[in-house]
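Colleague:
Number of protein chains: 10
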Amino acid sequence: MSTKPSAELPTFDNPNPERDYEIEIINPEFTCLCPVTGQPDFAIMRIRYIADQSCLELKGLKLYFWSFRDQGCFHEAVTNTVLDQLVAAVSPRAMEIEAVFNIRGGISTRVIVRHGASDKLGRVAGLKSLNPAVFA
Amino acid sequence: MSTKPSAELPTFDNPNPERDYEIEIINPEFTCLCPVTGQPDFAIMRIRYIADQSCLELKGLKLYFWSFRDQGCFHEAVTNTVLDQLVAAVSPRAMEIEAVFNIRGGISTRVIVRHGASDKLGRVAGLKSLNPAVFA
Amino acid sequence: MSTKPSAELPTFDNPNPERDYEIEIINPEFTCLCPVTGQPDFAIMRIRYIADQSCLELKGLKLYFWSFRDQGCFHEAVTNTVLDQLVAAVSPRAMEIEAVFNIRGGISTRVIVRHGASDKLGRVAGLKSLNPAVFA
Amino acid sequence: MSTKPSAELPTFDNPNPERDYEIEIINPEFTCLCPVTGQPDFAIMRIRYIADQSCLELKGLKLYFWSFRDQGCFHEAVTNTVLDQLVAAVSPRAMEIEAVFNIRGGISTRVIVRHGASDKLGRVAGLKSLNPAVFA
Amino acid sequence: MSTKPSAELPTFDNPNPERDYEIEIINPEFTCLCPVTGQPDFAIMRIRYIADQSCLELKGLKLYFWSFRDQGCFHEAVTNTVLDQLVAAVSPRAMEIEAVFNIRGGISTRVIVRHGASDKLGRVAGLKSLNPAVFA
Amino acid sequence: MSTKPSAELPTFDNPNPERDYEIEIINPEFTCLCPVTGQPDFAIMRIRYIADQSCLELKGLKLYFWSFRDQGCFHEAVTNTVLDQLVAAVSPRAMEIEAVFNIRGGISTRVIVRHGASDKLGRVAGLKSLNPAVFA
Amino acid sequence: MSTKPSAELPTFDNPNPERDYEIEIINPEFTCLCPVTGQPDFAIMRIRYIADQSCLELKGLKLYFWSFRDQGCFHEAVTNTVLDQLVAAVSPRAMEIEAVFNIRGGISTRVIVRHGASDKLGRVAGLKSLNPAVFA
Amino acid sequence: MSTKPSAELPTFDNPNPERDYEIEIINPEFTCLCPVTGQPDFAIMRIRYIADQSCLELKGLKLYFWSFRDQGCFHEAVTNTVLDQLVAAVSPRAMEIEAVFNIRGGISTRVIVRHGASDKLGRVAGLKSLNPAVFA
Amino acid sequence: MSTKPSAELPTFDNPNPERDYEIEIINPEFTCLCPVTGQPDFAIMRIRYIADQSCLELKGLKLYFWSFRDQGCFHEAVTNTVLDQLVAAVSPRAMEIEAVFNIRGGISTRVIVRHGASDKLGRVAGLKSLNPAVFA
Amino acid sequence: MSTKPSAELPTFDNPNPERDYEIEIINPEFTCLCPVTGQPDFAIMRIRYIADQSCLELKGLKLYFWSFRDQGCFHEAVTNTVLDQLVAAVSPRAMEIEAVFNIRGGISTRVIVRHGASDKLGRVAGLKSLNPAVFA
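Chains as they are written, first to last, in my numbering: chain L, 1 to 136; chain Y, 137 to 272; chain H, 273 to 408; chain R, 409 to 544; chain V, 545 to 680; chain P, 681 to 816; chain S, 817 to 952; chain D, 953 to 1088; chain E, 1089 to 1224; chain Z, 1225 to 1360.
(1) Tell me Val-906(S)'s beta-bridge partners as DSSP assigns them.
(2) Could you give the C-beta distance for Phe-1026(D) and Pro-987(D), rounded to a whole number, given that I count them as a contact under 8 Å?
(3) Would Ala-1165(E) count as contacting chain R if we go by Cβ distances under 8 Å?
(4) If the cut is a Cβ gap below 7 Å, which residues of chain S does Gly-1346(Z) touch?
(5) Anything in the segment 990 to 1018 of chain D with a Cβ closer than 7 Å to a Cβ of chain C? List those residues in chain order, please.
(6) Quick one: any contact between the segment 1238 to 1247 of chain Z and the segment 1272 to 1279 of chain Z, if contact means 3 or more CB pairs under 8 Å?
(7) How long is the line joining the alpha carbons of Arg-1157(E) and Ala-1177(E), rounded to whole angstroms?
(8) Can you find a C-beta in chain Z that's less than 8 Å from the C-beta of Arg-1107(E)?
(9) Strictly by DSSP, which residues pair up with Cys-304(H)?
(10) Using a threshold of 8 Å, state whether the C-beta atoms of Ile-25(L) and Leu-61(L) are closer than that.
(11) Going by DSSP, what residues sit across from Phe-748(P) in a beta bridge?
(12) Roughly how many angstroms lie between the CA atoms of Val-134(L) and Ser-108(L), to the nearest whole one?
(13) Measuring only between beta-carbons, confirm whether Pro-10(L) sits less than 8 Å from chain Y.
(14) Does the segment 792 to 799 of chain P touch the segment 759 to 767 of chain P, meaning 3 or more C-beta pairs lie closer than 8 Å?
(15) In chain order, what residues of the same chain lie with their CB nearer than 7 Å to the CB of Ser-475(R), ignoring the 5 residues before and after it?
(16) Mapping the DSSP letters down to three states, classify Asp-1101(E) as helix, strand or coil.
(17) Thinking Gly-106(L) and Glu-981(D) are a contact (beta carbons under 8 Å), I'd like their distance in whole angstroms, please.
(18) Just to confirm, is the Cβ distance from Ile-1271(Z) to Leu-1310(Z) under 8 Å?
(19) Name, going along the chain, the residues of the segment 86 to 113 of chain L whose beta-carbon falls closer than 7 Å to a beta-carbon of chain Z.
(20) State the Cα-Cα distance for the pair Val-236(Y) and Ala-797(P), rounded to the nearest angstrom.
(21) Taking Leu-330(H) as the reference, which of Ile-783(P), Gly-802(P), Thr-683(P) and Leu-801(P) has the closest Cα?
(22) Taking the CB atoms as reference points, tell me whether Thr-983(D) and Thr-1227(Z) lie closer together than 8 Å.
(23) Whose C-alpha, out of Ser-907(S), Gly-938(S) and Met-911(S), is nearest the C-alpha of Met-861(S)?
(24) Using the beta-carbon of each residue, which ones in chain Z are nearer than 7 Å to Glu-900(D)?
(25) When you compare the CB of Ala-813(P) with every CB in chain H, is at least one pair closer than 8 Å?
(26) Among residues of its own chain, excluding the 5 on either side of Asp-628(V), which ones have a beta-carbon nearer than 8 Å to its beta-carbon?
(27) If you follow the beta strand (DSSP E) that Leu-393(H) is part of, which residue opens it and which one closes it?
(28) Helix, strand or coil: how does DSSP classify Thr-955(D) here?
(29) List the DSSP bridge partners of Tyr-973(D).
(30) Closest by CA to Cys-871(S), which one among Thr-827(S), Gly-938(S), Ile-913(S) and Leu-937(S)?
(31) CA-CA distance, Gly-582(V) and Asp-313(H)?
(32) Please decide whether Pro-15(L) counts as near chain Y, where near means a Cβ-Cβ distance under 8 Å.
(33) Bridge partners of Ala-621(V), per DSSP?
(34) By Cβ distance below 8 Å, which residues in the same chain neighbour Asp-1237(Z) in space, the five residues on each side in sequence not counted?
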């Protein structure tokens, strides 16, 4: 029953493409490597999107995030990359990626990247960090 | 005193149809089956609506949600279906369904679907998941 | 020193009618009876308003809420009734009543009713329920 | 890939039987039926135990809890039954089952049942309810 | 389907009298009248007990608590009375009643009364108040 | 080193008058007397403002708030008075005073008063009460 | 209807002197003056006691705490004094006073003083400070 | 491996200058000296910005904040200064600095300063103070 | 400046071996692989110990935990292994390892293993899971 | 009005030496330097003690903690040193120092050191960290 990380992003048909509605997916288990020190980094990744013709399949998405486990990634670049790849996969009407990285050097970082008609995405509270004090 | 699940949605006359006001109903006990694995899924369902001539009756709504207990449901589709069926039952001026599904494969999912003049619905904070409580 | 419930709503002169400002009053001790089963119901009631020439007197308001203790009330209707009676008493420039009812049949209910220039009322977070999990 | 509920409780060999140590497993997705009304009930189930020669296998445990989905169960009895069946399966040195049931009739219920040398189990905070207000 | 308050306390047979186990029941909707001012008082009532031959039936317990709605009660006395009456009804091996009363005059009150082998009751966190700041 | 309450409000030159920026000052230790009963009242006072040529000096502000300790004050009037006096002292471009008073008679009160271009003040969450349950 | 601070401590007969039970009273509105600077100090005061023949009357207790409003008090000394005076008033079997003072110079202080058979007082969580709420 | 405080602000090339996206950096370890008393002050500093051609490098930013450790700083002035220096370093399209200072004299202070097209920055909840944690 | 995972555990001399005192170290970034599915698992690891002649060096400990990143580990076994290896490295007077694993199949797991005079370790609250934060 | 850091620890006479009572002092603003990297470290320091003939004076204690600002300190050693110096200053009947250090390298550290009859100190919950997630 062994599975593998995969950069592919399987999709399924949006069951209600006639309607703009919002899908939110949160993965609190994102981990990659720091390209400078080689040490592990950790983040929560949140996807919010309005699907057009296709939706992200959850099991595939899990394997996709897993594929970053051994890659060196800068915070700003990897958040943009995830957005670009998910947009390429499902061509959403709107999408937002929010990544909250664990404290390094006493400092927390969050990156928020948007695509398309992102003002259609309802306002929700910001993600909490895994080291949540500072984000409240 | 035994009761049964029921797909019917009894209603009652809106006591104040001359006024746009907001009704919110939260059911933290929604459960259905995963159509792929057949295993149980769990969600909190929140309804927010502005009634027109009729309102949702709570006891009937409970039996309605119960009727999903043995059905196979995809997250996106079932949230849209609940909206369609509630809209058909009470023809509201505006309605929003928000469903927060329990963690599967380390990932949380939320779906938010709206109908009608949904900008009349006041902004409230997003629902919490059922999962956070457990260690607390 | 005994007091009694009273449907009257004493008022006092608004000390600053030249200015639009917001007054919020929260009563977490509202109780009435279910008109169907006759059993007690419980709610938090929140009033937010911009006074015109007169303001609600707190001690009188407490006795007013007490007068519902033995009345049968539907959730939607009683929230509208409270708004109507408070509006009749102080003719506010704007007013909002928010009522959060305790869980019945596993389900929570909130009703929000507004009068007048309610967009002048600042946005504040929704009330918590006395069974707060689901409203968070 | 479909699975089924199962009353069996697969186990595996305790990797460190030479040592008393504590294993805690929390299932916030327990659901059964009320034997009086036939309606669904919901609970969080927490198992804490000190294994002897064998340990509870998690995937099997999930299927075991699933097997209660269509059974009628009283709160006190089902908590005792779960303890008896888990004790029969792994003969632990100590075990505690704590079940927190959702609010019914405005009232929350928790049942805690212990077996064996339960004073060896470290003190931890009580479980929160899915309707957590009252348990804090 | 109308029901009435009742001072009776129906019971059922303890399904597992051979074992000492703990049952906790929380009613956040206790209300009575202040015997001095006649005004409503509010409290959360928590029962924790180890049953002997019989257990408290939940629906009956709800009606029992309802019977205090129009009675004048002092905080200390009513908590002792509830203990006495529940002990009379089920002759438990151990029982604790904890009552947390809402703020009056800026001051919160909690009363905790115990009967029998109360050291067999596990330690759990204190109840939160409905005005929870001060109890945290 | 003894100090005294003082109705004066010392100020200092705004170091950056060329820019609209927001200053928030929270005093959770406001106390005055109820003009009806003579008993102490307590509140959290929050000032948010955009300075023009001068800023409020913190030590002086503390003495200013202290000067209310023996005064009888109605909730609505005192909040307006504080605004008027602070506006007179620093002539801000915008200012908001929010006062949250402790529970009296089971009821919480909050008053929010604004002056000038208050829409320039960013939205922040409402203050918590010292009896915070109901404001959350 | 005006009232006055009073150093007297009215009591009433313990309704159940045959039983050891615990009474907890929390006053989050204690204020006195710093004997060094003359400036106001603030604290939460918690009383926990097991009554013998008499109990503390709440309204009188409120007036008693009020009598400290214009007194200069050191943290350690005033907490001991409150204990001594309450013990003199009701001769309890056990009593504990816990005082949590607001932050001064960046530092919080708590003083806990006990009298008599204080091990009979159940363990409850420590008080929260008044300070934490303000930004929340 | 010893490092030193540094007023320099190293940068790196924005990997995605074609897109407006938001970067948030939180430093809960800002400390400087009070210019009046010479005593240490503490704050959380939050930076939110939309980069243009360059981004703030985290390790350098840490050393930059460290360079304030022995400087005397007024709350309002230092927040403006940090904004000016960061703007000079990266010429962002928009930037906001929010500083929450620890309680002094019972009073909390927060300063929020913005530059450029700050309405492009999404709304997030206000920072928490460092003070709330301590008793919790 | 690149570093590598390492199974070695560097230590330093206990500066105060004449005294029993408690050291707690929490790593919320533990990750390994599930030996059955090959997929990543995540946990918080907490070490609490009373040092004898040597202490765990933090930077080395971080590299040690990193060395599990590509190993297949069962929950119960890996917690015991970590205890065995840390005990071998520093021969503590007492040690406890607590591991809280993320939700899998809707179920959370915690393992607590102790060595030596573990009753000398003060009681502290159980760890929180990583999962609760995400919606919050 | 300028003040200076000082290693001296002024005391005052215990007003109630005839009684064992507990004093808790929390300083969330402790900062020193890392002896390896030279960079700032941050901690919350909590003192809990039972005074004998003398008590710690708060203003002096603040200056004492300030004296560590430019010192290089290891976590374990500095906590022991603070205990030794406070014990030397006031010869308490019992004392406990708890220090919670901010996250470094993704890892939190807490050190708890005790002196004298520390079992006389009541159990209170552990301190929260300034990065509180992991200590909860």
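We put the CB at the ideal spot given by N, CA and C, even for glycine.
Keep in mind the model is a prediction, meaning the values are calculated, not measured.
Modeller: Short version:
(1) Residue numbering aside, residue 906(S) sits at position 90 when the seventh sequence is read from its first letter. According to DSSP, which records beta bridges pairwise, Val-906(S) is partnered with nothing at all.
(2) As a first step, residue 1026(D) must be located in the eighth sequence, where it is residue number 74. As a first step, residue 987(D) must be located in the eighth sequence, where it is residue number 35. The pair is a contact, with the Cβ atoms about 6 Å apart (cut-off 8 Å).
(3) Looking up residue 1165(E) in the ninth sequence gives position 77. It does; some Cβ of chain R falls within 8 Å.
(4) Within the tenth sequence, residue 1346(Z) is the residue found at index 122, counting from 1. Ile-928, listed in chain order.
(5) Annotation note: the requested chain C is absent from the structure, which comprises protein chains L, Y, H, R, V, P, S, D, E and Z.
(6) yes
(7) Stepping through the ninth sequence from its first residue, residue 1157(E) is reached at position 69. Stepping through the ninth sequence from its first residue, residue 1177(E) is reached at position 89. Near 20 Å, if we compare the C-alpha coordinates of Ala-1177(E) and Arg-1157(E).
(8) Here residue 1107(E) refers to the residue found at position 19 of the ninth sequence. Taking Cβ atoms only, chain Z reaches closer than 8 Å to Arg-1107(E), which makes this a yes.
(9) For the purposes of this step, residue 304(H) is identified with residue 32 of the third sequence, where counting begins at 1. Cys-304(H) pairs with Asp-313(H).
(10) Walking along the first sequence from the start, residue 25(L) turns up at place 25. Walking along the first sequence from the start, residue 61(L) turns up at place 61. In contact: Ile-25(L) and Leu-61(L) (Cβ atoms closer than 8 Å).
(11) Taking the sixth sequence and counting its residues from 1, one reaches residue 748(P) at position 68. DSSP output for Phe-748(P) lists no bridge partner at all.
(12) Residue mapping note: residue 134(L) aligns to position 134 of the first sequence, counting from 1. Residue mapping note: residue 108(L) aligns to position 108 of the first sequence, counting from 1. With a pLDDT of 33 at Val-134(L), under the threshold of 50, the modelled position of this residue cannot be trusted; read the value that follows with caution. Looking at the two C-alpha atoms, the distance is approximately 8 Å.
(13) Translated into the one-based positions of the first sequence, residue 10(L) becomes position 10. False, the Cβ-Cβ gap to chain Y never drops below 8 Å.
(14) Contact between the segment 759 to 767 of chain P and the segment 792 to 799 of chain P is present, because at least three Cβ pairs lie under 8 Å.
(15) Along the fourth sequence, read from residue 1 onward, the residue named residue 475(R) stands at position 67. Excluding sequence neighbours, Ser-475(R) sits near Pro-413, Ser-414 and Ala-415.
(16) In the ninth sequence, residue 1101(E) corresponds to position 13, counting from 1. DSSP places Asp-1101(E) in strand when its eight states are reduced to three.
(17) For the purposes of this step, residue 106(L) is taken as residue 106 along the first sequence, with counting starting at 1. For the purposes of this step, residue 981(D) is taken as residue 29 along the eighth sequence, with counting starting at 1. Between Glu-981(D) and Gly-106(L) the Cβ distance is about 5 Å, and since that is below 8 Å, they are a contact.
(18) Residue mapping note: residue 1271(Z) aligns to position 47 of the tenth sequence, counting from 1. Residue mapping note: residue 1310(Z) aligns to position 86 of the tenth sequence, counting from 1. Their beta carbons are under 8 Å apart, which means Ile-1271(Z) touches Leu-1310(Z) by this criterion.
(19) Along the segment 86 to 113 of chain L, the positions whose C-beta sits under 7 Å from a C-beta of chain Z are Asn-102, Ile-103 and Gly-106, read in chain order.
(20) Here residue 236(Y) corresponds to residue number 100 of the second sequence, with the count starting at 1. Here residue 797(P) corresponds to residue number 117 of the sixth sequence, with the count starting at 1. Using only the alpha carbons, I get a separation of about 39 Å.
(21) Residue 330(H) sits at position 58 when you count from the first residue of the third sequence. Selected option, being the one with the closest Cα: Ile-783(P).
(22) In the eighth sequence, residue 983(D) corresponds to position 31, counting from 1. In the tenth sequence, residue 1227(Z) corresponds to position 3, counting from 1. Annotated as distal: Thr-983(D) and Thr-1227(Z), with beta-carbon spacing of 8 Å or more.
(23) Within the seventh sequence, numbered from 1, the residue matching residue 861(S) stands at position 45. Of the candidates Ser-907(S), Gly-938(S) and Met-911(S), the one whose C-alpha sits nearest the C-alpha of Met-861(S) is Met-911(S).
(24) Because chain D is modelled from 953 through 1088, residue 900(D) falls outside the range shown and cannot be assessed.
(25) Position 133 of the sixth sequence holds residue 813(P). For Ala-813(P), the pLDDT reaches just 35, beneath the cut-off of 50, and the residue's location in the model is therefore unreliable, although a value from the coordinates is still provided. At least one CB of chain H lies nearer than 8 Å to the CB of Ala-813(P).
(26) The residue you call residue 628(V) lines up with position 84 of the fifth sequence. Cβ neighbours of Asp-628(V) beyond the five flanking positions: none.
(27) For the purposes of this step, residue 393(H) is taken as the residue at position 121 of the third sequence. Looking at the DSSP string, Leu-393(H) is not in any beta strand (DSSP E), and its letter there is neither H nor E.
(28) Mapped onto the eighth sequence, residue 955(D) falls at position 3. Here Thr-955(D) sits in coil by DSSP.
(29) Within the eighth sequence, the letter at position 21 stands for residue 973(D). For Tyr-973(D), which the question treats as bridged, DSSP gives no partner whatsoever.
(30) Counted from its first residue, the seventh sequence places residue 871(S) at position 55. Measuring from the Cα of Cys-871(S), the nearest candidate turns out to be Thr-827(S).
(31) Indexing the fifth sequence from 1 puts residue 582(V) at position 38. Indexing the third sequence from 1 puts residue 313(H) at position 41. Distance between the alpha carbons of Gly-582(V) and Asp-313(H) is about 20 Å.
(32) As a first step, residue 15(L) is located in the first sequence; it is residue number 15 there, counting from the start. With 8 Å as the cut-off, Pro-15(L) counts as an interface residue toward chain Y.
(33) The residue labelled residue 621(V) in the question sits at position 77 within the fifth sequence. DSSP lists no partner for Ala-621(V).
(34) Translated into positions along the tenth sequence, residue 1237(Z) becomes position 13. The beta carbon of Asp-1237(Z) sits closer than 8 Å to those of Gln-1277, Ser-1278 and Cys-1279, all from its chain and outside the five residues before and after it, given in chain order.
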